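Just below is one structure, and these are the notes that go with it.
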């Protein structure tokens, strides 16, 4: 080694510097410029851009190409105007190309052309002087272009001019000789900020990566004289620096200084581990510890300043970086925050993901540094951290009043972290709730105290009047007053407790979004406290709080989490099921793996690894466990946790798994460095290439495959091995190592390859995916339509479909190449997917884990909402189906394993009725024991548990409606075949009602069962017929939308005339008795009172009550149009839906009692049969249940093409809904049970049964589950 060798720390390297590292970018930039292509190198600072420029200029000049550099940063940016700046550029070009005396040129030529703008003069100079004077090819490097972005006169014109030089090549051949290379910390979109102008969309991007081990022979020369095996040392250097040029040069320089280096020979004696320890010691002592004083030349400070001095984005950048630290990586995108973070140099994009650039950065700028930076940034940091520590449940930490106002003012115009937004939003919501609660409580307190004072005053007054009667009466009066006041005090205390319970119910619902079991515990606690308050048997509307009921109903109907337990004290890395589904294995950063049963009981702990364990799985027969660790070992254990074998590797282990027969193990790992002797010198070469090895269960090596392996898997029958390779192929080998088949066709490295479960097909993934049969024949090719790398792929259990995931989409194809699904993911935490064991479902991951229904074979790309079966929230990772497909297990950053039940549809229904016959409606029998559903051409009768009892056929077209007779013995049906029919419940046809001119859309018995009403399709010409129970036609009249009166004397009908809608009252002989008209002449419904003496109608925004003689009794007005008015069962109240997203309750005098607001238009609202509840349906596809004071008790979301009709069961305990999906298979009937408080508590205890068995604190808290 020459004594002149030195490492260059800071600044650019000279053209002949011995420590210059030649990278791929050297050849790329040189070749592109020589080919006269405009180029740009945009990267973070201190990546070697200027050194590359110096080296490239020398090479180009040697080829006779005229080159020069314009350094923007050297021209100044403060107090400079465009005139001076453009003159300076011309001055530089004149000087460097030797065109003329630069001072005289500027004094004469520049000023003589002053009538032109500065940019026009630059353009004229280049076209008329530079290109005429220099006849050779010209390359102009413009360095530090980010400096121009801060100029007061803007930079759009300058970069637009560079683009124009490129465009002039089309008509001026001289411009084909001039080429520009731009270097700096920027992006192409930064160069022309004006979005109206054409963007800077020319040029070739030159990717300037960090140093790779194969490129660093020049750096090894500096180490060779002072230590053995310099390549091994350099490998450890790159392990810390990630190849970042300045840090790599700096660390190498530190290693060879006299006080640091280890004398020649001692490293070899101590082995490579000593090298690693020695390098780590130097890094920590001389770079990381007290880094701000050791950071010369400034490098880490530069990164810190770029992050912390961003005017508005500091919070967002810190939050994004914090997420990368926590998760290890996140999918890359082109968001402004990600671009800015990449330009800081702190993170790097690799294979579509953002990762921390190197270990030094990750150590210096760790989570503690981020939290301190955020704390210094936020004025409310302490409160935020405490709130986050409580998982967002401690509302006492939220801001209120002046503190909240100050925080909002500080946050204005800033991009904050997601946690900041959540905290500030929660603070504002709490403040709103507390203001509303305080006002309500104040009103209630005032009312109760006023009532108590009135009671006391009256008692005192009466006592004074009775004083002459005797002292005993006086004492009795005062005692009575005291009792009344005590009662008022108790009412006040109950009101205050009710307020607390209301808040607890709301908190439980909010908590449910991220922590399902915890939210149920919260709701149960509130529910048991409410139960104590209402043990006096009071009616529902007198409950002091109802949100505990709402939260319990919502949570028990929708909860999927059935068990959770803390698995480790350090981060969990993986979780897997045993094949029988009885056990779970977890692995952790705590160097252990653990086996659990489903209750959370620890079965065995696998100890022995010396570093993080990142692979842990059962053999198929469940007898053995395999683990892999960063300690470079794979270990095999029995079920009790006894270690059976240790399989050592020389480098990082990538994968480890059993063969299906459980007799062998296959691993892939990075190949170790290889020493070769070249020209008498020992050279160490290292790469990231992997090798596959097969071992027996005793740890004996059986086979090694060294073919640049990325993945290796046994075939389902354990007889063959499938490998994917960087050489663009996949291969099949037998277990002796004989190559049987090669699959070639990809244009890039094959990243992964999978067997189909039946062993007949192969799936290979590169930038596209191929399906092959095992003979090597290509079956299908799947091309993803975006730029992202393929992240994951796999076969369905029946081997007939595949999924392929990218960070932004998941695709499902069949083997013919037909795309069945295209699911868009949010570009966060995305990539995982897996078919369920029955192949009917698929989960995907992004911000949440989504489970999709694949049973509908129709191709779906856009609207997949009806196929979404479940969404598991709470920042969960590594989902795995249980072998029976009933459960998914996940883990989170909170070190908790969670088990989710996927066996039921959500919300949980008491009954779900499905039929392939395309259900068109549903209705109850009068006793609530049976349900009848019309379908396309048949009628189905079910019991209340959803068991099909009878199918009867006879109609030749769609059956539009079906309903029971009042005694439940008969069923009447209406069909598009222009008939109505009456059947007994066994399916025997009793009557045929024919003679309709159009299809019959509706048929119904009268309440007394003596008559049948039918209505045909049509608007103005729709016909209604009334028949006797024997099938004799009684009358026909023109009307539609007909309903019976309660005593069967009348029918209410709707008819259209002259574009308007009217309502009318008819008797059963077909005589019109009353025609209701109003100011709007547009009736939106009418209904009878239970006693049949009154009728309520809706006419525009006016509701009117009439007697059956047509006399208007009262009238009341809403803000907007109302429709579907109806009486309560006792006839005292009226409810209607309003176009302004409300349901409204009035008394019969027209006084508005309750207003129930919704987020979208209310389609209908009806009372329950007992009048205690109300159900509403709205355009947001949610059914909501309320008490008569307007407090919500339950809600049910559903997926339907239309807002579906819904009805209470005759006893009011169930809700029946006909759900209309996007296909006949998705049409179904759902029945939900409306539980009282006791029933909800019982259901909650059942849901928590397993959890409470292992959680003593929760068990003690929820005494209601133990009968206490």
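Numbering (our numbering), first residue to last: 1 to 1268.
Glycine residues also receive a C-beta, built at the ideal position from the N, C-alpha and C atoms.
The structure displayed is predicted, hence computed values, not measured ones.
Beta strand (DSSP E) segment containing residue i, residue limits
{"i": "residue 1146", "result": "1142-1147"}
{"i": "residue 1126", "result": "1122-1127"}
{"i": "residue 39", "result": "39-42"}
{"i": "residue 1269", "result": "An answer regarding residue 1269 cannot be provided, because it is not within the stretch 1 to 1268 covered by the chain."}
{"i": "residue 1024", "result": "1023-1028"}
{"i": "residue 962", "result": "959-964"}
{"i": "residue 881", "result": "876-881"}
CB-CB length for residue i against residue j, believed under 8 Å
{"i": "residue 346", "j": "residue 356", "result": "7 Å"}
{"i": "residue 991", "j": "residue 527", "result": "Not really, about 51 Å apart at Cβ, beyond 8 Å."}
{"i": "residue 895", "j": "residue 587", "result": "Not quite, the Cβ-Cβ distance comes to about 12 Å (not below 8 Å), so this is no contact."}
{"i": "residue 1210", "j": "residue 928", "result": "5 Å"}
{"i": "residue 1109", "j": "residue 1122", "result": "About 24 Å separates the two Cβ atoms, so there is no contact after all."}
Spatial distance of residue i from residue j (CA atoms)
{"i": "residue 1245", "j": "residue 1265", "result": "5 Å"}
{"i": "residue 106", "j": "residue 128", "result": "15 Å"}
{"i": "residue 61", "j": "residue 803", "result": "53 Å"}
{"i": "residue 132", "j": "residue 38", "result": "20 Å"}
{"i": "residue 782", "j": "residue 770", "result": "6 Å"}
{"i": "residue 696", "j": "residue 839", "result": "33 Å"}
{"i": "residue 815", "j": "residue 762", "result": "11 Å"}
{"i": "residue 124", "j": "residue 97", "result": "16 Å"}
{"i": "residue 1015", "j": "residue 910", "result": "33 Å"}
{"i": "residue 746", "j": "residue 707", "result": "16 Å"}
{"i": "residue 1080", "j": "residue 548", "result": "In this predicted model, residue 1080 has a pLDDT of only 48, less than 50, meaning its place in the structure is not dependable enough to derive any value."}
{"i": "residue 868", "j": "residue 578", "result": "27 Å"}
{"i": "residue 23", "j": "residue 13", "result": "14 Å"}
{"i": "residue 179", "j": "residue 309", "result": "35 Å"}
{"i": "residue 1154", "j": "residue 1174", "result": "12 Å"}
{"i": "residue 130", "j": "residue 230", "result": "50 Å"}
{"i": "residue 1092", "j": "residue 810", "result": "59 Å"}
{"i": "residue 734", "j": "residue 740", "result": "7 Å"}
{"i": "residue 930", "j": "residue 973", "result": "16 Å"}
Beta-carbon gap between residue i and residue j smaller than 8 Å
{"i": "residue 1215", "j": "residue 1228", "result": "no"}
{"i": "residue 993", "j": "residue 1027", "result": "yes"}
{"i": "residue 933", "j": "residue 921", "result": "yes"}
{"i": "residue 613", "j": "residue 634", "result": "no"}
{"i": "residue 1191", "j": "residue 1213", "result": "no"}
{"i": "residue 563", "j": "residue 899", "result": "yes"}
{"i": "residue 222", "j": "residue 5", "result": "yes"}
{"i": "residue 585", "j": "residue 616", "result": "yes"}
{"i": "residue 1142", "j": "residue 1129", "result": "no"}
{"i": "residue 306", "j": "residue 344", "result": "yes"}
{"i": "residue 1254", "j": "residue 600", "result": "yes"}
{"i": "residue 609", "j": "residue 662", "result": "no"}
{"i": "residue 246", "j": "residue 10", "result": "yes"}
Residue range of the alpha helix (DSSP H) that includes residue i
{"i": "residue 369", "result": "367-377"}
{"i": "residue 82", "result": "82-96"}
{"i": "residue 1239", "result": "1237-1247"}
{"i": "residue 951", "result": "Counting along the chain, residue 951 falls outside any alpha helix (DSSP H), though it belongs to the beta strand (DSSP E) covering 948-953."}
{"i": "residue 28", "result": "24-34"}
{"i": "residue 291", "result": "291-294"}
Near the ligand FAD: residue i beta-carbon under 7 Å from a heavy atom
{"i": "residue 180", "result": "Ligands are entirely absent from the displayed structure, and the ligand FAD is therefore not among its contents."}
Are the stretch 840-857 and the stretch 871-881 touching by the rule of at least three beta carbon pairs closer than 8 Å? yes
Kindly confirm or deny that the stretch 356-371 and the stretch 330-337 touch, where touching means at least three C-beta pairs closer than 8 Å. no
Stretch-stretch touch, CB-based, cutoff 8 Å, three pairs: the stretch 201-214 with the stretch 64-73: no
Take every Cβ of the stretch 489-501, pair it with every Cβ of the stretch 529-545, and state whether three or more of those distances are shorter than 8 Å. yes
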